[in-house]
Amino acid sequence: MASLIVAGGGIAGLAAAIGAARAGHEVLVLEQAPRFSELGAGIQIGPNGRRALEELRVWPWLRHHVVHPKAIRIRRAATGVELGRMPLDASFRKRFGGTYQVVHRADLLAALLAAAEEEPAITLKTTSRVTGYEDIPGGITALLQDGSGVSARGLIGADGIFSRVRAQLLGDHPPRFSGHVLYRALIPRAEVPLMVDTGNVNLWLAVHGHVVHYPVKGGACLNIVASINERWQSGMNWGENTDAASMKRVFAKACDELQSLLRAPRRWMRWAGADRAPVNTWGAGPLTLIGDAAHPTLPYLASGAVMALEDAVVLMRHLAQESSLAKAFRHYERERQPRTRRIVESSWKLARIYHAAGLMAAGRDAFIRLTSGPRSFERMAWLYDWRP
Ligand SMILES: Cc1cc2nc3c(=O)[nH]c(=O)nc-3n(C[C@H](O)[C@H](O)[C@H](O)COP(=O)(O)OP(=O)(O)OC[C@H]3O[C@@H](n4cnc5c(N)ncnc54)[C@H](O)[C@@H]3O)c2cc1C
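Mapping of the sequence shown onto the working numbering: position 112 corresponds to residue 92, and the numbering continues sequentially without gaps.
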């Protein structure tokens, strides 16, 4: 019997498995898909995320795949005018003791997978969908869709925003829809219009929508995410292909640079912008949750995956210090809940601020101008200063 089962082999599940194995546990990862894979999109990783990757000893697998943008530029969609910027240069590295990087999700997952495969205490199993669990004396049984079960001393639910483990634990409702729909595209560098800035993270603000774009794959591709105020209609499917017509309408009066960028992709995919209100229960006995299963968030602080990496580091430490799984899990939950709650709630508030109009937008823009340059560091310190 493995000492721990991890349900879900995404970023959180693989990071949790690596952390638990480093803490001395035998781990079995059960992933529902036929292979470990991530969709084509980007992830921003602040210095806190890099520290977590270093602590998990995954950074060496990833370092050659990241891009270090020069700055995060905040721009007005209508005119292209820069409202403010956060430099990501030597002054940023000095303040935070680490770099800011962007990466393709598949490269992050591949790095975690490579580190997990090298760890003899981890067994990876695909095509294994967990449908629930059952308490047994001295442990827990993960129930699988094919009717079988696998038992271990403990279970970590890392099965994402629609977590089955969480649903059984909390009797949860569907995720909370934000009123935003997210459109994502990835384009090869050769197809990026010449006028588009490809050296920075660009955040474009418009009334009823915003766009973020940055380079990934060592600069070979550009990742674009557009978020607009839109209803999630019942016929829309999570992660489906779309012509993105309603999104392009929101930016129809944007400046040439942004319009040319949004015209460039041949393929867009869309998601509902959704999270869950933070809760104080992530587990019971030898069961806990991690990543989006524990604290799904809107992506506006670019912190969902990074929170999962931080979770894994904290879990690793408590598992190493505490022989009782239940105690280690409760210590981990208590340590992680205040921080993840703040990130989820701040991301939810940012959703309103990014798409503001009128006086609220004017106040936002004045604040961005006032805190531009190195002054922006203190605004983000609570997020980036996290240390293992
Ligand atoms: C538009 C957008 C942009 C984002 N940008 C950033 C960013 O810049 N930085 C950042 O840090 N985060 C970002 N995020 C957030 C980040 O993508 C998520 O927080 C992160 O992927 C969560 O990882 P996870 O492993 O918890 O969940 P998931 O990625 O959902 O992985 C869950 C895994 O479990 C498997 N699974 C699901 N159910 C079962 C089951 N029943 N049994 C077995 N396996 C199961 C799935 O197949 C999957 O492999 C962004 C999100 C969005 C939508």
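All C-beta atoms, glycine included, are put in the ideal place defined by N, C-alpha and C.
Distance cut-off 7 Å: residue i Cβ against heavy atoms of ligand 1
i      : result
R164   : yes
V110   : yes
A273   : yes
G377   : No information on residue 377 is available, as it lies outside the stretch -19 to 368 that the chain covers here.
Q12    : yes
I102   : no
A86    : no
A285   : yes
R144   : yes
D255   : no
A(-13) : yes
G338   : no
Q317   : no
V130   : no
Q24    : yes
D410   : As displayed, the chain neither begins before -19 nor continues past 368, which places residue 410 out of reach and without an answer.
C-alpha distance - residue i paired with residue j, whole-angstrom precision
i      : j      : result
A(-13) : G159   : 30 Å
V324   : I270   : 14 Å
A138   : E35    : 20 Å
D272   : R31    : 20 Å
L33    : Q24    : 13 Å
G112   : R310   : 21 Å
L350   : G263   : 43 Å
V187   : H335   : 5 Å
A91    : V82    : 14 Å
V110   : A225   : 37 Å
H5     : A(-18) : 8 Å
L89    : F16    : 8 Å
A300   : E99    : 16 Å
W328   : L278   : 6 Å
S71    : G353   : 10 Å
R73    : W41    : 21 Å
S356   : S283   : 17 Å
E210   : K233   : 18 Å
S131   : L124   : 11 Å
T59    : D236   : 8 Å
E358   : Y364   : 10 Å
D177   : T261   : 44 Å
G343   : P258   : 28 Å
A331   : P117   : 45 Å
Residue i burial status per 10 Å Cβ neighbour count (16 or more: buried)
i    : result
D223 : exposed
N203 : buried
I136 : buried
F76  : buried
D126 : exposed
A346 : exposed
R169 : exposed
D291 : buried
R367 : exposed
S128 : exposed
E220 : exposed
Under 8 Å between C-beta atoms of residue i and residue j
i      : j     : result
A1     : A101  : yes
G(-11) : L104  : yes
R53    : N182  : yes
L150   : V191  : no
P155   : P276  : yes
W218   : W248  : no
H45    : G198  : yes
S240   : M175  : yes
L162   : C201  : no
T320   : M360  : no
V205   : R164  : yes
A254   : F157  : yes
R56    : L185  : yes
P173   : A244  : yes
V9     : A(-3) : yes
Y194   : G22   : yes
L63    : Y80   : no
G134   : P318  : no
L281   : S326  : yes
Residue i - partner residues in DSSP beta bridges
i    : result
T103 : L8
H84  : G22
L135 : I(-15) and L267
D222 : Here residue 222 is Thr; the residue named in the question, Asp, does not match the sequence. DSSP lists W248 as partners of T222.
T121 : E114 and S131
H193 : N182 and I204
I167 : L202
D255 : R156
P67  : A51
N209 : H160
E62  : R55
Residue i at chain B interface by Cβ criterion, 8 Å
i    : result
D255 : Note that chain B does not occur in the displayed structure, where there is just one protein chain.
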